[in-house]
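**Q** From first to last, the protein sequence lines are chains A and B.
Remember, this note's numbering sits 366 above the position in the first sequence when you count from 1.
Remember, this note's numbering sits 68 above the position in the second sequence when you count from 1.
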Amino acid sequence: MIGPSHPARPRVPGARGDRAVRLAWLVLLLATSMMAPPAAAQGMRQPPPLPTEPPFNLSDPTVVQAGQSLFRQTCTGYCHGAEGRLSRAPALRGREFETRYLYQRIAYGFPPMPAFQTLLTPEDIWKLVAYIKSLQGAKE
Amino acid sequence: MTSKRAWSGGAVSTLLVLLFLGLAPAGAQNAGSTRLHNVDANDWPMYHRTYDSHRFSPLAQINKSNVKDLSVAWVHQPGAVVQGLESTPLVVDGVLYYIGSYNRVFALDGATGREIWHYFAKLDPVVNTLFFQPYNRGVAVGHGKVIFGTLDGRVIALDMKTGKELWAVTVLNTKKCSCNFTGAPLIVRDKVILGQTSGELPIQGKIFALKVANGEKAWEFNTIKNDQKSWGGDSGKFGGGGGWMTGSYDPALNLVYWGTANPAPDYDWGQARPGDNLYTSSVLALNPDNGDLKWYFQEVPHDDWDYDAGLGESLVLDRDGKKLLVHQNKSGFVFVYDRTNGKIQNVWPMNHVYNWVQRVDPKTGELIGRNPPRLGKPAFICPWIAGGRSWNSGSYSPKTGLWYNTAMEVCEEVTVEKQTPVTEPAAGLFFGGDQVAKHPPGGEAYGHLDARDPVTGERKWSVNFKYPPIGSVLSTAGGLVVHGDVEGVVRAYDAESGEELWHFRTGSGHRGGPISYSVNGKQYIAVPSGLGSLVLGLYPALWPEVADFPPGGALFVFTLK
């Protein structure tokens, strides 16, 4: 016998055997590794656990404001443009993004976008998510 | 007389013995570096080709009369194109060495482009978390080695012939400092000198010298002076600085000239870093043997704009019996020094549009009428954070006496914001504000390539560009100036008149350095093409279409049919 035939693995809290989520994860990882250049692929980290639900209400104005401040400090001008306006990196203003996707993209990055998972706390990443989501209704 | 002759004979014998015992081994040890002191006309053996940083090729087979017949000899693709192709290739004895994104190094047959070897650095995953990545501006060659700094804070030496790793040393704790190496090292005799990134990070940036033989650290120079007058409170701990681009060298004076980067945070909300913040935004004259500071000049005391002195070339040139150093600050002002002592000889503006100061005193270098952005109301500042020029280099032709150099006439709106430096678990960006590009008052932003007297600034000709150019310049004894633009067109100009003589569309914009070399009597011009760069991220605010300009990475090599 090579491995346990009985599924004795501990259950991951929050996973609840949701195959669809795990499948989506696999697809995302696969897509990322296929798109990333070889050297980056060599350096791929083990994915951290899925982000849990945000610890605060993402539409709370104080959270959004904290996110705006963080957004400015993490190089908007060179990257996504002031207030998420058009830049060389994708414009974030006036666009709809799925919440979890935003979190993952900030945490893991995508070359040349840095991965912020070791630089920012999960709370800070959620604040950025809150700010970026606040831009989706912006007209200009 | 007899005794004198005997003494002379003895002296000669002694000299011979000394030569044999002392200098001969030293000479053998420096065999690789001789090529750097007396550069063969066919070669391009260091970042700026020669220690004087002229970026001038003495080759003239390709010249004004036949450049129209230039055609592609071969193309090489580095395979990784994230942030384009920013480097300047090197050539020694017909072999071309260059580096692409993610520290991919290639040795190619200069005549055919056939690969001789490649080396892809195995990088720590921390690289994916950094701001300064994955580009690299160049390698150094000498003593039979190819040496480069890595994105994860190491310096690696390869066997020039085989590409096999000879040594690799960790110099920076990149996981902690978020800093790394992106500039080309400079080999001076038995040492290799390079500086780190850190201008936007709450750390202390340094310049390092390692022994070429084994990578052992010979000295380091901290660009953050340990002095409360210069850095009030604990601001020096987070002072940034560093020296991320390549310096120049005067063998006669035995001085290396190295520019340093801006202080962190980039913008001061008030008492963020009290003092003049030495030695940031300065030019240093260092003894390459031990790192001792011979002289320095701080071009921007207490830099409030991110006007680095760490970029571009330091031209070593002699005129009217004076030993000069011409260095452009990121503010767009060109500082001319007596390179023996750092005394200012002249200061002139490369840019037409500026308001960060009213003027700079051409006799003392003093900044007059400073206009710093401050906390509160957004400030309108020219030139923008990318500079009057970015880190790309100009080229000086001793044949015409002209310096061919680019400029960006772009302004910005700066919003200063108080920020707490983050150093745990790793250093976070420390800008102290944000900025967005703006057109200058009463006109459109633009860029230009000028032919100027490097000492007086007198302009002989100019070519304007809609999108400010960010590629380095090459000049040749064939009377040519070669330069590529952001839209992906490389052109050859008449060095005397600025008339366009030839152009070729490479398909992606230009950020690297074109060079010229010769193999078996045939001259080539190598042009790195491939749009990328952090600076380019600032363009779409003014020109939305730039967001869609194709990235790329390819080395085009041209020759006569």
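Beta carbons: idealized from backbone N, C-alpha and C, even for Gly.
Small disclaimer: the values here were computed from a predicted structure and weren't measured.
Tell me the DSSP secondary structure of Phe-422/A in three-state form.
**A** Three-state result, Phe-422/A: coil.
**Q** Decide yes or no for the touch test of the segment 518-525 of chain B against the segment 385-403 of chain B: beta carbon pairs closer than 8 Å, at least 3 of them.
**A** Yes: at least three Cβ pairs fall under 8 Å.
**Q** So, do the segment 291-302 of chain B and the segment 338-346 of chain B have three or more beta carbon pairs nearer to each other than 8 Å?
**A** Because the criterion of three Cβ pairs below 8 Å is met, the segment 291-302 of chain B and the segment 338-346 of chain B touch.
**Q** In chain B, what lies closer than 8 Å to Tyr-467/A by C-beta?
**A** The premise fails here: Tyr-467/A is roughly 18 Å from chain B at the closest Cβ pair, so nothing lies under 8 Å.
**Q** Might you give, ordered along the chain, the residues of its own chain that have their beta carbon closer than 8 Å to the beta carbon of Arg-407/B, omitting 5 neighbours on each side?
**A** Excluding positions up to five away in sequence, the list reads Asp-318, Leu-321, Leu-323, Tyr-325, Ala-353, Val-384, Lys-391, Leu-392 and Leu-393.
**Q** Given that Gln-503/B touches chain A, what residues does it touch there, using C-beta distances under 8 Å?
**A** Here the neighbours are Gly-443 and Ala-448.
**Q** Drop a sphere of 10 angstroms on the beta-carbon of His-105/B, count the other beta-carbons inside from all chains shown, and report buried for 16 or more, exposed for fewer.
**A** Counting Cβ neighbours within 10 Å, His-105/B comes out exposed, since fewer than 16 surround it.
**Q** I think Gln-201/B touches Pro-478/A, with their Cβ atoms under 8 Å apart; what is that distance to the nearest whole Å?
**A** Indeed, because the Cβ distance is near 6 Å, the residues count as touching under 8 Å.
**Q** Could you give the C-beta distance for Ala-225/B and Gly-283/B, rounded to a whole number, given that I count them as a contact under 8 Å?
**A** Contact holds; Cβ gap of about 6 Å.
**Q** Output the boundary residues of the alpha helix (DSSP H) element that contains Phe-437/A.
**A** It spans 427-439 - the alpha helix (DSSP H) in which Phe-437/A sits, taken as one unbroken run.
**Q** Starting from Ala-560/B, trace the beta strand (DSSP E) both ways and give me its first and last residue.
**A** Taken as a continuous stretch (DSSP letters only), the beta strand (DSSP E) holding Ala-560/B covers 557-562.
**Q** Using a Cβ-Cβ cut-off of 8 Å, state whether Ala-609/B counts as contacting chain A.
**A** Chain A contact via Cβ: present.
**Q** Please confirm whether Ala-563/B and Val-554/B have their CB atoms less than 8 Å apart.
**A** No, they are not a contact pair.
**Q** Return the CA-CA distance between Thr-197/B and Phe-463/A, expressed in angstroms with no decimal places.
**A** Rounded to whole angstroms, Thr-197/B to Phe-463/A spans 22 Å at the Cα level.
**Q** Checking contacts by CB at 8 Å: is Gly-503/A closer than that to chain B?
**A** Chain B, which has no Cβ nearer than 8 Å to the Cβ of Gly-503/A, makes this no.
**Q** By the 10 Å Cβ neighbour count, where 16 or more other Cβ atoms means buried, how is Thr-156/B classified, buried or exposed?
**A** By the neighbour-count rule (16 or more Cβ atoms within 10 Å), Thr-156/B is buried.
**Q** Taking C-alpha atoms, which residue in Arg-257/B, Tyr-203/B and Lys-305/B lies nearest to Lys-213/B?
**A** The candidate whose alpha carbon is nearest that of Lys-213/B is Arg-257/B.
**Q** Which two residues bound the contiguous beta strand (DSSP E) that contains Ser-584/B?
**A** 583-587 is the extent of the beta strand (DSSP E) around Ser-584/B.
**Q** For chain B, find out if any of its Cβ atoms is closer than 8 Å to the Cβ of Gly-475/A; answer yes or no.
**A** At least one chain B Cβ lies under 8 Å of Gly-475/A.
**Q** By Cβ distance, which residues of its chain are closer than 8 Å to Pro-376/A, with the 5 residues on each side in sequence left out?
**A** For Pro-376/A, the pLDDT reaches just 34, beneath the cut-off of 50, and the residue's location in the model is therefore unreliable, although a value from the coordinates is still provided. Result list for Pro-376/A: empty, nothing under 8 Å.
**Q** Measuring only the C-alpha atoms, how far is Tyr-535/B from Gly-566/B?
**A** Going by the C-alpha atoms only, they are around 18 Å apart.
**Q** Relative to the C-alpha of Phe-422/A, which candidate in Phe-476/A, Val-495/A and Gln-439/A has its C-alpha closest?
**A** Answer by Cα proximity: Val-495/A.
**Q** Any idea what DSSP makes of Thr-82/B, helix, strand or coil?
**A** Note that Thr-82/B scores a pLDDT of 41, beneath 50, so its modelled location is shaky and nothing firm can be said.
**Q** Would Ala-481/A count as contacting chain B if we go by Cβ distances under 8 Å?
**A** Answer yes: the Cβ-Cβ gap between Ala-481/A and chain B drops below 8 Å somewhere.
**Q** Kindly say whether Phe-499/B, judged by its beta-carbon, lies nearer than 8 Å to any beta-carbon of chain A.
**A** By this cut-off, Phe-499/B is an interface position.
**Q** So, Thr-218/B versus Asn-290/B, is the Cβ gap smaller than 8 Å?
**A** For Thr-218/B and Asn-290/B, no; Cβs fall outside 8 Å.
**Q** Does any residue of chain A bring its CB to less than 8 Å from the CB of Phe-199/B?
**A** Chain A contact via Cβ: present.
**Q** Consult DSSP for Gly-605/B and reduce its assignment to one of helix, strand or coil.
**A** Correct three-state label for Gly-605/B: helix.
**Q** Once the 5 residues before and after Asn-330/B are set aside, which same chain residues still bring their CB inside 7 Å of it?
**A** Counting only Cβ-Cβ distances below 7 Å, and skipping sequence neighbours, we find Gly-267, Gly-308, Thr-348, Ser-349, Asp-371, Asp-374, Tyr-375 and Asp-376.
**Q** For my contact list, Leu-346/B and Ala-454/B are in at a C-beta cut-off of 8 Å; report their separation, rounded to the angstrom.
**A** At roughly 25 Å, the Cβ-Cβ gap does not stay under 8 Å, so Leu-346/B and Ala-454/B are not in contact.
**Q** Residues of chain B with CB under 7 Å from Thr-484/A, in chain order?
**A** Chain B residues near Thr-484/A: Thr-197, Pro-493 and Ala-494.
**Q** Within the 8 Å Cβ cut-off, does Pro-522/B reach chain A?
**A** Chain A, which has no Cβ nearer than 8 Å to the Cβ of Pro-522/B, makes this no.
**Q** I want to see whether chain B comes within less than 8 Å of Thr-418/A, judged by CB atoms only; does it?
**A** No, its Cβ sits nowhere closer than 8 Å to a Cβ of chain B.
**Q** Determine the direct distance from the alpha carbon of Gln-503/B to that of Tyr-335/B, and round the result to whole angstroms.
**A** Distance between the alpha carbons of Tyr-335/B and Gln-503/B: 10 Å.
**Q** My guess is that Tyr-115/B and Ala-252/B are in contact by the Cβ rule of under 8 Å, so how many angstroms apart are they, rounded?
**A** At roughly 4 Å, the Cβ-Cβ gap stays under 8 Å, so Tyr-115/B and Ala-252/B are in contact.
**Q** Which residues does DSSP list as the beta-bridge partners of Glu-284/B?
**A** None; Glu-284/B has no bridge partner.
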